[in-house]
Amino acid sequence: MLKRYIILCAAAALLLTGCGRKDEDTVKNIKIGVTLYDQYDTFISELMNVFTSCASEKEEESGIAINIETLDASGSQTTQNEQVQMLIEKGCDVICVNLVDRTEPTTITDMAEKNGVPIIFFNRELVSEDLERWDQLYYVGADAFESGVLQGELAASAFKNNPAMDKNGDGICQYIVLEGEAGHQDSIVRTEYSINTLMEQGVEVEKLGYAIANWNRAQAQTKTATMFAQYGNRIELILANNDDMALGAIDELKAAELPREMWPVVIGIDGTDVGLEAVKKGEMTATVYNDKEGQAKGMLELAYSIVTGNPLSEEFELQDGKYIRLPYQIVTKDNLEEIQK
Ligand code: GAL
1 MLKRYIILCA
11 AAALLLTGCG
21 RKDEDTVKNI
31 KIGVTLYDQY
41 DTFISELMNV
51 FTSCASEKEE
61 ESGIAINIET
71 LDASGSQTTQ
81 NEQVQMLIEK
91 GCDVICVNLV
101 DRTEPTTITD
111 MAEKNGVPII
121 FFNRELVSED
131 LERWDQLYYV
141 GADAFESGVL
151 QGELAASAFK
161 NNPAMDKNGD
171 GICQYIVLEG
181 EAGHQDSIVR
191 TEYSINTLME
201 QGVEVEKLGY
211 AIANWNRAQA
221 QTKTATMFAQ
231 YGNRIELILA
241 NNDDMALGAI
251 DELKAAELPR
261 EMWPVVIGID
271 GTDVGLEAVK
281 KGEMTATVYN
291 DKEGQAKGML
301 ELAYSIVTGN
311 PLSEEFELQD
321 GKYIRLPYQI
331 VTKDNLEEIQ
341 K
C-alpha cells in the first residue's frame, strides 16, 4: 500500500514539475545542448561567446553548475537532427537550436516531445504553426521587420542630408542590395522593409541590382565586384542584410582602389565587433544593432527557468508563453560609444 502511495506521489510530482523540469530544490546542475547552423557565422559566434559568459555568471549567482555542449551542424539539417538526438541521449535538460533549415523543424520537435526535452529555437525563426506543435517549444530572437525599417530610415536620412551621395544629381537613389540566404526570414523581410521605408520617407529609388551572398563577407566581395563591373559609379547606396556582407562590399571598394570620396554609402545590420569598428572608421555609414547580449542572456535565463521551474527573470518578457524578442537599435558615429560600452 505504502509503495503504491509513493509511486503515485512520484507520478504526481512529475506531472506538476512538467517536461524537462527538475525539482527546484534538488537541481545541482543543468546540462544545455546547443546546435548551430554554422559556427563560423560572425554574429552567431559572437552571440555564443556572450551566452557562455552569461552561463558562468549565472553559475556563480545560483550555485548551480551549468554545463554547455555546443555542436556545429555545418549547414546540414540532417547533421543537426542527428546532433539533437545525440544531445537528448546524453541527458541534456534543454536544447537550444539554431535551425539550419527553418522550414524543417519537425524531426527535431517530434524527437524532443517524445523524450520530454524542451527546445529553445533561436535566431532563425520558424513559422508560428511549427512552434505551436508542443507547449515546450520556444523562440528567442528579434523582429526582422524592425531592422529593415531602421535600415531604411538610416538610408533615407543619409540621402536627404548628404547631397554628394546623389552622385549623378538626378534626385533618385540608385542602389544595390546584398542579401543573406534565400528563404531566411531576416533576408526577405529586411530587404522588403528597408526599401519600403526608404520610399515612405520620400526618397525616390532605382534598384540597379541585388545578389545573394549568404551572410558571408568573401561572397559579398565577389558579388559586389560583379555588380561594380556592371553599374560602376552609378551605385550610390549599398544596403546589406548584415554587417559581414557590408564589410565584403567595403573590401571590394578598397580592392578596386576607388577614391574615398567616390564610395557609395554602405549600411549594414548587426553591429558585430568588426561592423562597429567600420562605423567608427567611417567606412560603413551606419548599421542596425542586433542585440546579441539580450538574445544570449534571454536564452540562458529561459533555459534556467525551464529547467529549475523558477520564474523567468523580470528583465525578459515571454510573449504568448513562447517568444522572447529583443529590439534593434540604430548605430551611427553619434551613438557608437554608447553601443560599444
Ligand atoms: C541574422 C544575422 C546574420 C546571420 C543570420 C544567421 O540575424 O543578422 O548576420 O547571423 O542571422 O541566421
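In the numbering used here, the protein residues as written are 1 to 341. Heads up, the beta-carbon is just placed ideally off N, CA and C, and yes, glycines get one too. Here the structure is a predicted model, which is why all the values come from computation and not from measurement.
Minimum Cα-Cα distance from E146 among the listed residues Y328, N335, F159 corresponds to Y328. Assigned with DSSP and collapsed to three states, Y304 falls in helix. When only Cα atoms are considered, E179 and L126 end up about 19 Å apart.
Taken through DSSP and simplified to helix, strand or coil, Q319 comes out as strand. Shown here for Y231: same chain residues with a beta carbon closer than 6 Å to its own, the five before and five after excluded, namely L208 in chain order. Cα atoms of P163 and R217: separation of roughly 29 Å, rounded to the nearest angstrom. In this structure K223 is buried. Its beta-carbon is surrounded by 16 or more other beta-carbon atoms within 10 angstroms.
Y289 carries a strand assignment under DSSP once its states are collapsed to helix, strand and coil. In the three-state reduction of the DSSP assignment, Q174 falls in the strand class. Under the three-state reduction of DSSP output, Q329 falls in the strand class.
In chain order, I32, I66, I68, L300 place their CB closer than 8 Å to the CB of A55, counting only its own chain and leaving out the 5 sequence neighbours on each side. Leaving aside the five residues that flank F159 on each side, the residues in its chain whose CB is nearer than 6 Å to its CB run, in chain order, M165, C173, V203. One thing to note: L99 has its Cβ within 8 Å of the Cβ of Y37.
In this structure, the ligand GAL has a non-hydrogen atom nearer than 7 Å to the beta-carbon of N242.
Remark: the C-beta of F43 is in contact range of the ligand GAL, defined as less than 7 Å to any heavy atom.
Under the DSSP assignment, L237 falls in the beta strand (DSSP E) whose first and last residues are 237-240. Within 10 angstroms of the beta-carbon of M262 lie fewer than 16 other beta-carbons, which makes it exposed.
Residue environment analysis places M199 among the exposed positions, since fewer than 16 neighbouring C-beta atoms fall within 10 angstroms of its C-beta. In this structure, the alpha-carbon of L131 lies about 30 Å from that of T287. Close CB contacts of I119 within its chain, under the 6 Å cut and outside five residues either way in sequence, are with I95, V97, A112, L137 (chain order).
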